[in-house]
């Protein structure tokens, strides 16, 4: 009996907002396993903002997702069959196996994970790509010093929540920007930020001034862009640094023009765009540190879980609208 | 008989554009020379875009120019009297002695210059602050590699013209952006740039594409901001660098919003604002190299000279409107 696979493929590119008809549900028999390949049953799918960029044809840091192909995405799961000496059935692994229940993957594209101290799905979040992204931005770009003020947008998200906790451990005063009172409550109460500004409350400038408590911004970790970034630019300190990790407020083509460009010159800012896949040499030390912090309770996170692969498109659309709290996952 | 001084002082801050009534002409007797001071007869006054920022009260990298005080500015001249052992009458010096014919200055604020191989006024231009600014941006921020494409705006100006010549000597293909056909002709014909785009011709995007000849921009030295910077942002190459040296298109409060912010993320750009006065340790090597290049004809420049201190305000207003070609000077 041939086992059936279930997949979401890219059916069409979004005109602007992502809609359910961008995706096509396919059930097909699983291909036979070739020599050197490993078959994985995916238990968790990671949904991340970068996927929105790949759905467009515009020039970006990765080639566009091909039409008719399985949606790309990070996954965590269990080896069910192996034709490679490095893996055996029962091994737990992460990989970029896409929006599907099963995948046959070359062994070199899988990484074994240890779920005894850190749960499987955290290897897609705080101890996965988002965590490493936060770690790289904090350590290798921003390098906040004790007493400095660091601001991070999308503060309750998979990346932002880790940024703030790492920066605070280095002695920075950390201010988050989040969307909604509930998110801000968790950013301060659970993630331990010093303050959090709800940009949806309608008074971003005044609320940000209050949260900064008279300080200017020494370090900014930017995930959102648009009005959030512009408000922060106006409040940067001399020799400040900005790590540009995401600009989600513009991912559907919304204008994200910046007015306060003069701050770059006047404050001699360093602005650095980055993509974590350019820095593969930093994953090993980052993951080692993040796993230790997570296992010992010093790194906290939140998850929003969509139950069932069928719900992946809806969950992804929600992520782009900020409906998730913390890491958006799909339990397959 | 007491010698009389002539000065321009700041009478009022500009509402938007600088107007002649922002300045007040004063003739006063020169103060007696105190111990440790040196009296200089200024022969040349440098006019520079940064002066516009100091006329406002807004937060900037230097304190605002005080109302009622002599306008600040770089000068070159001759010592006429000295009460300090390091200087004697006849010495030629540069300093920040302001918009005036004479000044009594502490010896530590003067630097002796050698006019045997480089004319006095060039120590305010290609072999002065603008030249060092260009040198620092090219060497310490942009570091263009052979075969890379470098773009510089305000290409015929005191800074831009040196940027292009230094970058070309390092093997980069250099494209200038200038205002007007005459400026562009000189940028290519005299300064040796590979191409120059006239942003006033009304087809910046298309003309820039043609000048780039299929390449993307690896290095951008930005003096102007606004539409010039936005057009370049859209054409940056992966891992490109931008040195933000000036944003003259916005110095009178004009909007200089940027639309193509996404390029910073997608292309993983490094954007660095800088002010040359933060890097005093680099002046000596920069000046040594620039003086040698100038003396041997390998560094060229243009000057626009206003004859007489009386004409300084008019010349400064012209500079802000781009009426000068090359370094704007006043012969006092």
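Protein chains in written order, with this note's numbering: chain B, 2 to 333; chain V, 2 to 333. All C-beta atoms, glycine included, are put in the ideal place defined by N, C-alpha and C.
Inset, instruction - For residue 67/B, collect the residues of the same chain with a Cβ closer than 8 angstroms to its Cβ; drop the 5 residues on either side in sequence, then sort them by chain order. - result: 11
Inset, instruction - Could you round the C-beta distance between residue 99/V and residue 73/V to whole angstroms and report it? I think they count as a contact, below 8 angstroms. - result: 5 angstroms
Inset, instruction - Assign residue 87/V to buried or exposed, taking buried as 16 or more other Cβ atoms, counted over all protein chains shown, within 10 Å of its Cβ. - result: exposed
Inset, instruction - Pull up the DSSP beta-bridge partners for residue 130/B, would you. - result: Answer by DSSP bridge pairing: none, since residue 130/B is not bridged.
Legend entry - Closer than 8 angstroms to chain V by CB, residue 258/B: yes
Legend entry - Beta-carbon gap between residue 185/V and residue 199/V smaller than 8 angstroms: yes
Legend entry - Minimum C-alpha distance to residue 181/V - residue among 167/V, 166/V, 154/V: 154/V
Legend entry - Selection from 325/V, 287/V, 318/V, 323/V that minimises the alpha carbon distance to residue 124/V: 287/V
Inset, instruction - Return the residues of the stretch 263–275 of chain V that lie within a Cβ-Cβ distance of less than 9 angstroms from chain B, sorted by chain order. - result: 263, 264, 265, 266, 267, 268, 269, 270, 271, 272, 273, 274, 275
Legend entry - Pair within 8 angstroms by beta-carbon distance, residue 112/B and residue 133/B: no
Legend entry - 8 angstroms Cβ cutoff met for residue 220/B and residue 242/B: yes
Inset, instruction - Report the rounded CA-to-CA distance for residue 173/B versus residue 244/B, giving the unit in angstroms. - result: 16 angstroms
Legend entry - residue 264/B versus 257/V, 143/V, 163/V, residue with shortest Cα-Cα distance: 257/V
Legend entry - Coil, strand or helix - residue 234/V by DSSP: helix
Inset, instruction - Classify residue 265/B as helix, strand or coil using the three-state DSSP reduction. - result: helix
Inset, instruction - In angstroms with no decimal places, state the Cα-to-Cα distance between residue 166/V and residue 300/V. - result: 7 angstroms
Legend entry - Best match in 270/V, 316/V, 77/V, 18/V for proximity to residue 54/V [C-alpha to C-alpha]: 18/V
Inset, instruction - Please confirm whether residue 28/V and residue 5/V have their CB atoms less than 8 angstroms apart. - result: yes
Inset, instruction - Taking 8 angstroms as the cut-off, decide whether the C-beta atoms of residue 156/B and residue 162/B are in contact. - result: yes
Legend entry - Sufficient close CB pairs (3 or more, under 8 angstroms) joining the stretch 24–43 of chain B to the stretch 289–296 of chain B: no
Inset, instruction - Give the straight-line distance between the Cα atoms of residue 274/V and residue 239/B, rounded to the nearest whole angstrom. - result: 10 angstroms
Legend entry - Extent of the continuous beta strand (DSSP E) run through residue 257/V: Neither: residue 257/V is in no beta strand (DSSP E) and is coded neither H nor E.
Legend entry - Selection from 81/B, 135/B, 224/B, 223/B that minimises the alpha carbon distance to residue 102/B: 81/B
Inset, instruction - Consult DSSP for residue 246/V and reduce its assignment to one of helix, strand or coil. - result: coil
Inset, instruction - Give the straight-line distance between the Cα atoms of residue 296/B and residue 128/B, rounded to the nearest whole angstrom. - result: 10 angstroms
Inset, instruction - Could you tell me which of 176/V, 41/V, 223/V, 285/V sits nearest to residue 271/V, measuring between CA atoms? - result: 223/V
Inset, instruction - Reducing DSSP to helix, strand and coil, say where residue 279/B ends up. - result: helix
Inset, instruction - Following the continuous alpha helix (DSSP H) through residue 54/V, name the residue where it begins and the one where it ends. - result: 51–56
Legend entry - Proximal residues, the stretch 38–69 of chain B versus chain V, C-beta separation under 9 angstroms: 54, 59, 60, 61, 62
Legend entry - C-beta contact flag for residue 164/B and residue 139/B at 8 angstroms: yes
Legend entry - Any C-beta of chain V under 8 angstroms from that of residue 248/B: yes
Inset, instruction - Mind reading off the beta-carbon distance from residue 333/B to residue 105/B? Whole number of angstroms is fine, and I expect it under 8 angstroms. - result: Their Cβ separation, rounded to whole angstroms, is 16 angstroms, which puts residue 333/B and residue 105/B out of contact at 8 angstroms.
Inset, instruction - Could you tell me if residue 38/B is buried or exposed, where buried requires 16 or more neighbouring beta carbons within 10 angstroms of its beta carbon? - result: buried
Inset, instruction - Please name the residues in the stretch 223–240 of chain B whose beta-carbon is closer than 8 angstroms to at least one beta-carbon of chain V, in chain order. - result: 226, 230, 239
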